[in-house]
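Data first, discussion second: the structure below is written as structure tokens.
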Amino acid sequence: MSAILEACGLDLRFGAVRALDGVSLDLWPGEVVAIVGESGSGKSTLLRALAGLATPDAGRVLYRDAEGAAHEVHAASEAQRRRLARTDWGFVHQNPRDGLRMGVSAGGNIGERLMAAGARHYGGIRAAAAEWMARVELDPARMDELPRNFSGGMQQRLQIARCLVTGPRLVFMDEPTGGLDVSVQARLLDLIRGLVEELGLAVLFVTHDIAAARLLAHRIIVMRHGAIVEEGPADRVLDDPQHPYTQLLVASVLAA
Amino acid sequence: MSPVLVVEGLAKDFTLHLQGGVVLPVLRDAALVLHPGECVALTGPSGAGKSTLMRCIAGNYGADAGRIMLRHRGAMHDLVSADARLLREIRRETLGHVSQFLRVIPRVPALEVVAAPLRARGVAREDALARAAALLERLNLPARLHGLPPATFSGGEQQRVNIARGFIADCPLMLLDEPTASLDPANRAVVIGLIREAKARGAAILGIFHDTEVRDAVADRRHEVAPLEDAA
Ligand SMILES: Nc1ncnc2c1ncn2[C@@H]1O[C@H](COP(=O)(O)OP(=O)(O)OP(=O)(O)O)[C@@H](O)[C@H]1O
Ligand SMILES: [Mg+2]
Chain Y
6 MSAILEACGL DLRFGAVRAL DGVSLDLWPG EVVAIVGESG SGKSTLLRAL
56 AGLATPDAGR VLYRDAEGAA HEVHAASEAQ RRRLARTDWG FVHQNPRDGL
106 RMGVSAGGNI GERLMAAGAR HYGGIRAAAA EWMARVELDP ARMDELPRNF
156 SGGMQQRLQI ARCLVTGPRL VFMDEPTGGL DVSVQARLLD LIRGLVEELG
206 LAVLFVTHDI AAARLLAHRI IVMRHGAIVE EGPADRVLDD PQHPYTQLLV
256 ASVLAA
Chain G
772 MSPVLVVEGL AKDFTLHLQG GVVLPVLRDA ALVLHPGECV ALTGPSGAGK
822 STLMRCIAGN YGADAGRIML RHRGAMHDLV SADARLLREI RRETLGHVSQ
872 FLRVIPRVPA LEVVAAPLRA RGVAREDALA RAAALLERLN LPARLHGLPP
922 ATFSGGEQQR VNIARGFIAD CPLMLLDEPT ASLDPANRAV VIGLIREAKA
972 RGAAILGIFH DTEVRDAVAD RRHEVAPLED AA
């Protein structure tokens, strides 16, 4: 078995800010990795660079598909990258509005992604949309409603359904539970945990929530000032943190 | 018989960066060998480092020096240098750990918590749930609780879920941190039975038992963990 995603020496500057400073990491099939760190530490930038949504100044990202073929994400053409994003990857944005089409019905949001991946049979697409609404605990009877009728937590679940309906192997999530009530967060995390386990997905997710990282992740990466300061098995990073910044992060959570 | 676990020259310090970088040395040159079918009890005063040694073996704590060699899939692997993936595989197949407290997952019923290690090994859902129910029943956890998340359970009920989760998968090496701490005598007896059965099928067991009655009932020998000042 080899890594599904390998990044090596990623640098990215925004003016004087080094958003990514020599970041290297790998992700293995079925592995769930959390990226934690203070705001502005480069977590979202890293996720976007890995998913081909931002272009690093230096370094490379390699994605290995189900057949074992390697794709260099930033050397690929825009069309190749879009194809990977449609068939092999999913990206869940913090704000559902960035991941949904607000002018399209709930069922349409799910079906549209299936069609982009090549599905043509209308009845089959509608049935898959209904099935996925149920899987993310949305009432399929509401599939013709627009997403704006849904609460934030429901919109986020719809975004997850849209992302997973095509059966991606690799999913990126940027603060998937950010901006939601605590009780809604817990339910959403639980849903994500179940789906990730059931589907055996490789997941890279950014979170501020240490408890969420402990709950979902096999491995934790700690970022500060654009660099990885510590990484390891989730329970080891949280129970025996080595870096001063990780100790601060863990201590702040326990105090809260 | 060849050992399941060989610990050599293990050192562990804690550096508390938030307390001005004070360094707490806990383990120096710790050594331990465990063979199939034996149960070793870690003893020593409070704060000596028993749990620390066990957590290093469990992989929860990193070690600063030394080796923790563990037999997994027929070969010895060093846990000190194992990466996250190997550690996960070892925990899934070889290394069972009953920690002192259950870490509850919101909304997941007790039965699923206990069945999870079997599911991770590829056992079919129905089968795994049936075995989980049987084990929880043996530990006298009322059937009406099986379908509920353990978050609201009593300490002793949570501990029984934890024990069932640890024992369900027949791991070749088991780590038990005070497994009977909050149990009544009847359930303590059940746990003694589980430990004896595990030994009989060839599992090696490393335990911390403050309950000397349990310790004497299951341990073949003791391994003293001495506080560093005394050892020096
Ligand atoms: N995660 C940690 N961070 C910092 N210090 C720690 C950590 N875990 C343990 N220690 C310290 O290591 C020393 C040994 O603790 P440990 O829990 O291993 O003792 P023990 O022998 O299990 O004691 P007891 O019998 O009271 O359970 C103590 O001084 C403790 O404060
Ligand atoms: Mg202890």
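Residue numbers (our numbering), protein chains in the order written: chain Y, 6 to 261; chain G, 772 to 1003. By construction, the Cβ of each residue, glycine as well, lies at the ideal position given by its N, Cα and C atoms. Only a predicted model underlies this, so the values are computations on that prediction, with no experimental measurement involved.
{"Check": "Ligand 1 and G830 (chain G): does the residue's C-beta get closer than 7 angstroms to at least one heavy atom of that ligand?", "Outcome": "no"}
{"Check": "Can you name, in chain order, every residue of its own chain whose Cβ lies under 7 angstroms from the Cβ of I153 (chain Y), other than the five neighbours on each side?", "Outcome": "One point to set straight first is that residue 153 (chain Y) is Arg, not Ile, in the sequence displayed. Excluding residues within five positions, the ones whose Cβ falls inside 7 angstroms are M107."}
{"Check": "Can you tell me whether Q790 (chain G) is buried or exposed? The criterion is at least 16 other CB atoms within 10 Å of its CB, across all chains shown.", "Outcome": "exposed"}
{"Check": "Grouping DSSP H, G and I as helix and E and B as strand, with all else coil, what is Y250 (chain Y)?", "Outcome": "helix"}
{"Check": "Could you tell me the distance, in whole angstroms, from the CA atom of L795 (chain G) to the CA atom of V170 (chain Y)?", "Outcome": "51 angstroms"}
{"Check": "What does D898 (chain G) pair with, by DSSP beta-bridge criteria?", "Outcome": "None; D898 (chain G) has no bridge partner."}
{"Check": "Can you tell me whether H126 (chain Y) is buried or exposed? The criterion is at least 16 other CB atoms within 10 Å of its CB, across all chains shown.", "Outcome": "exposed"}
{"Check": "Taking A54 (chain Y) as the query, report the chain G residues whose CB atoms sit under 7 angstroms from its CB, ordered along the chain.", "Outcome": "Chain G residues near A54 (chain Y): none, gap ~22 angstroms exceeds 7 angstroms."}
{"Check": "Using the three-state DSSP reduction, which class does R993 (chain G) fall into: helix, strand or coil?", "Outcome": "strand"}
{"Check": "Any heavy atom of ligand 2 closer than 7 angstroms to the beta-carbon of K821 (chain G)?", "Outcome": "yes"}
{"Check": "Assuming contact is defined by CB atoms lying nearer than 8 angstroms, are L977 (chain G) and I828 (chain G) in contact in what I supplied?", "Outcome": "yes"}
{"Check": "Anything in the region 862-882 of chain G with a Cβ closer than 7 angstroms to a Cβ of chain Y? List those residues in chain order, please.", "Outcome": "I876, P877 and R878"}
{"Check": "Starting from the C-beta of D941 (chain G), find all residues in its chain whose C-beta is less than 6 angstroms away, skip the five residues before and the five after it, and write them out in chain order.", "Outcome": "none"}
{"Check": "Is A975 (chain G) helix, strand or coil by DSSP?", "Outcome": "strand"}
{"Check": "In whole angstroms, what is the alpha-carbon distance linking P888 (chain G) and R936 (chain G)?", "Outcome": "7 angstroms"}
{"Check": "Tell me the DSSP secondary structure of E142 (chain Y) in three-state form.", "Outcome": "coil"}
{"Check": "Pick from G:V804, G:A855, G:T983 and G:L954: whose alpha carbon is nearest that of N911 (chain G)?", "Outcome": "G:L954"}
{"Check": "Mark V869 (chain G) as exposed unless 16 or more other C-beta atoms lie within 10 angstroms of its C-beta, in which case mark it buried.", "Outcome": "buried"}
{"Check": "Given a threshold of 16 other Cβ atoms within 10 Å of its Cβ, counted over all protein chains shown, does A786 (chain G) qualify as buried or as exposed?", "Outcome": "Ala is not the amino acid found at residue 786 (chain G); the sequence shown has Thr there. Exposed: under 16 other Cβ atoms inside 10 Å."}
{"Check": "Is it buried or exposed, M148 (chain Y), if we count other Cβ atoms within 10 angstroms and call 16 or more buried?", "Outcome": "buried"}
{"Check": "Name the DSSP bridge partner or partners of G108 (chain Y)?", "Outcome": "Bridge partners of G108 (chain Y): none, in fact."}
{"Check": "For my contact list, L903 (chain G) and I939 (chain G) are in at a C-beta cut-off of 8 angstroms; report their separation, rounded to the angstrom.", "Outcome": "Here residue 903 (chain G) turns out to be Ala, not Leu, going by the sequence shown. Between I939 (chain G) and A903 (chain G) the Cβ distance is about 6 angstroms, and since that is below 8 angstroms, they are a contact."}
{"Check": "Based on the DSSP secondary-structure assignment, which residues constitute the bridge partners of F19 (chain Y)?", "Outcome": "Y:V22"}
{"Check": "Of the residues Y:F210, Y:L105 and Y:E150, which one's Cα is nearest the Cα of E36 (chain Y)?", "Outcome": "Y:F210"}
{"Check": "Which stretch, first to last residue, makes up the alpha helix (DSSP H) that contains M825 (chain G)?", "Outcome": "K821 to A829"}
{"Check": "Please confirm if A855 (chain G) has its CB atom under 8 angstroms from at least one CB of chain Y.", "Outcome": "yes"}
{"Check": "When you compare only the Cα positions, how much space is there between L781 (chain G) and L798 (chain G)?", "Outcome": "7 angstroms"}
{"Check": "What does the alpha-carbon distance come out to for the pair R896 (chain G) and G73 (chain Y)?", "Outcome": "30 angstroms"}
{"Check": "Suppose contacts are defined by Cβ-Cβ distances below 8 angstroms. Is V989 (chain G) in contact with V932 (chain G) by that definition?", "Outcome": "no"}
{"Check": "Quick check: what's the CA-CA separation for G157 (chain Y) versus S82 (chain Y)?", "Outcome": "35 angstroms"}
{"Check": "To which residues of the same chain is A135 (chain Y) closer than 8 angstroms at the C-beta, ignoring the five residues directly before and after it?", "Outcome": "G112, P145 and M148"}
{"Check": "Pair every Cβ in the region 212-228 of chain Y with every Cβ in the region 40-60 of chain Y, then say whether three or more of these pairs are closer than 8 angstroms.", "Outcome": "yes"}
{"Check": "Measure from the C-beta of H848 (chain G) to each C-beta in chain Y and report whether the shortest distance is under 8 angstroms.", "Outcome": "no"}
{"Check": "Considering just the uninterrupted stretch of the alpha helix (DSSP H) at I861 (chain G), what are its terminal residues?", "Outcome": "A855 to E864"}
{"Check": "In whole angstroms, what is the alpha-carbon distance linking R986 (chain G) and R992 (chain G)?", "Outcome": "9 angstroms"}
{"Check": "At what residue ranges does the region 159-214 of chain Y contain a whole run of the alpha helix (DSSP H), taking only runs of 4 or more?", "Outcome": "187-204"}
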